[in-house]
Each structure stands twice: as structure tokens, then as C-alpha cells.
Amino acid sequence: MTNTERDQRGGRAGQQERPGPEEPPVQEAPDRPGQDEPKPAEQEEALQAREARDWAWRVLDTPIGPLLLAATREGLALVAFHSDERVVRRSLTRLRLAFGSEPLPKIPHLTTAADELARYFDSGLRAFTVPLDWSLSAGFNERVLRELAAHVPYGTVVGYQDLADRVGEPGAARAVGAAMGSNPLPVVVPCHRVVASDGGIGGFGGGLDTKRHLLALEGVLPQPLF
């Protein structure tokens, strides 16, 4: 064996394998199946780090399925579709972390929201008046959702591109779609009224059947025959 070969072998033997760069953790959507709920110690730490806020919740039965409603003293904060036992459990875990406290039995805005939603589904209400708590949204998403809530009334629709133009972001039609998916207040903040420019109804976090039902209720689509 030559000296060069010995040097190369010795160098390789003395080298330690260096780890590669650490990969960022994968971020999952809040209610996606398979996501682990926070551990009790993590929940307690998060609760201590936040200023506690009063809130309450209830489940409202509707023609599109059970809706979980949560409200603070500022206003309605959450509307969650398809609120079976699993969705309720996950939503309440997130709300405890968001508001830093256990829920109260009731809050006035929660009663108002439930009454107004019941009237909406009975075709007796066209504009919600319950105050909204926007603390579960932020940034661009909140800007788009506020524009939608304020300026796209009952029985009308708006395109993703048009909504992007309205908030001064003409190249952000796709981001508007993401903002609709992030909406913590569907039905009340009417993301079902945002449709595709090609005439399709677009996507919807609550499912396309739910979107069709809401648009039919408001007279945008014909009522189903069965």
C-alpha cells in the first residue's frame, strides 16, 4: 500500500459523519385527521403565557349539519362546520389555547349568533348584526375577510380576482382562495359567496354540497329538486 493510499484511508477513518441541516417541522392544518392534540403540560404552559379572555360555546343544529359556535365578550369568534364529537373536541382544545381559559356557561354574543343563524336558515334574516371577534384571523386573510363581510351582501357573489382587486392586491387571486379556506367565521362571513371566474362555484372548506345549499338558500342557485 502506498503512503498516499494510507493517508486517504486514515483520513476517511478519522472523519466523522456530519449531520445535514435540520429540516423544519411539518405544519398541519388544525383539524386534519391524525394530528396530535397538545399534551396537558403544553396546554398549561400556553394558558399561562396568555392573558385569559372570557368565552363560551355551543353546538347549533342546522340544515347543513351541526355548527360549533364560540364567542367572546367582543363578539362571535368561531363557526365550525360538521361539528361531531371529534370536531368539537379539537376545536375546544384550540379555543382554550387561543383564549387562555376554560369556557363560561354562556355569553350574550353567543346567544345572539345562534338566534341570527337560526333565522338565516329559516330565510328570515339577510344581514347578520352580531359583533365579530377577529382574533382568530390576521394579516392579509383578515383584510380579505373583512372586505367580504362588509361589501358582499346576501344573494350576491364575487370572484376571487375581484376580491383581490378590492383589497389592492390584483395578483393575489390564489391567496384570496387560501384566505377563504382560513375563514374562522363561515356563513356569517360569507365565503360561500366567493366563486370562480369561469362560472363554477369554486372550492369550499365545508364541502361543495354545503356551498350549494347556502347559495340556493340565498337565491343564487336554484333549489334542489330532492
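Using the working numbering, read the sequence shown as starting at 99 and increasing by one per residue.
For each residue, glycine too, the CB sits at the ideal point set by N, CA and C.
Values in this document were obtained by computation on a predicted structure and should not be read as measured data.
Margin query: Rounding to the nearest angstrom, what Cα-Cα distance links Pro-201 and Arg-156 in this structure?
Written below: Rounded to the nearest angstrom, the two C-alpha atoms are 10 angstroms apart.
Next item on the list: Whole angstroms is fine: what's the gap from Ser-233's alpha carbon to Pro-206's?
Entry: One C-alpha to the other measures close to 18 angstroms.
Check: Is Pro-284 closer than 8 angstroms to Phe-179 when the C-beta atoms are compared?
Finding: Result yes, Cβ atoms of Phe-179 and Pro-284 sit closer than 8 angstroms.
Item checked: the region 304–322 touching the region 261–274, judged by at least three CB pairs closer than 8 angstroms -> Not touching, per the Cβ criterion.
Item checked: Cα-Cα separation, Phe-226 to His-249 -> In a straight line, the C-alpha of Phe-226 is about 13 angstroms away from that of His-249.
Check: Quick one: is His-311 buried, meaning 16 or more other Cβ sit within 10 Å of its Cβ, or exposed?
Finding: Buried, by the Cβ-count rule.
Note to self: So, for Val-274: in the same chain, excluding its five sequence neighbours on each side, which residues have a beta-carbon less than 6 angstroms away from its beta-carbon?
What the structure shows: Excluding sequence neighbours, Val-274 sits near Val-242, Tyr-258, Leu-261, Ala-262.
Margin query: My assumption, with CB atoms under 8 angstroms, is that Val-177 sits in contact with Leu-193. Please give the rounded CB distance.
Written below: About 12 angstroms; that fails the 8 angstroms criterion.
Next item on the list: Give me the Cα-Cα distance between Asp-85 and Pro-161, rounded to the nearest whole angstrom.
Entry: There is simply no residue 85 to check, as the chain begins at 99 and stops at 324 in what is shown.
Check: Secondary structure at Thr-254, three-state DSSP: helix, strand or coil?
Finding: In the structure shown, Thr-254 sits in coil (DSSP, three-state: anything other than H, G, I, E or B).
Margin query: Between Val-318, Gly-301, Val-286, which has its C-alpha nearest Leu-174's C-alpha?
Written below: If we check each option's Cα against that of Leu-174, Val-286 comes out closest.
Notebook entry, point to check: Between Phe-302 and Ala-277, which are expected to be in contact by the criterion C-beta below 8 angstroms, what is the C-beta distance as a whole number of angstroms?
Noted result: So it is not a contact: roughly 13 angstroms between Cβ atoms.
Check: Ordered along the chain, which non-local residues of its own chain (more than five positions away) have a Cβ less than 6 angstroms from that of Glu-214?
Finding: Excluding sequence neighbours, Glu-214 sits near Leu-223, Phe-226, Val-228.
Notebook entry, point to check: Quick one: complete beta strand (DSSP E) runs, 3+ long, within the region 147–226?
Noted result: Counting only runs of at least 3 residues, the region 147–226 fully encloses the following beta strand (DSSP E) elements, listed from N- to C-terminal order: 153–158, 165–170, 174–178.
Note to self: How far does the alpha helix (DSSP H) with Glu-245 in it extend, from its first residue to its last?
What the structure shows: Membership of Glu-245 in the alpha helix (DSSP H) is indicated by the continuous run 237–249.
Notebook entry, point to check: Can you tell me the Cα-Cα spacing of Gly-317 and Glu-149, whole angstroms?
Noted result: The alpha-carbon atoms of Gly-317 and Glu-149 are separated by roughly 43 angstroms.
Next item on the list: Return the chain-ordered list of same chain residues with a C-beta closer than 6 angstroms to the C-beta of Asp-231, the five sequence neighbours on each side being excluded.
Entry: Excluding residues within five positions, the ones whose Cβ falls inside 6 angstroms are Thr-170, Glu-172, Gly-173, Ala-175.
Next item on the list: Tell me whether Val-274 sits in a helix, a strand or coil according to DSSP, three-state version.
Entry: Val-274 falls in the helix class under three-state DSSP.
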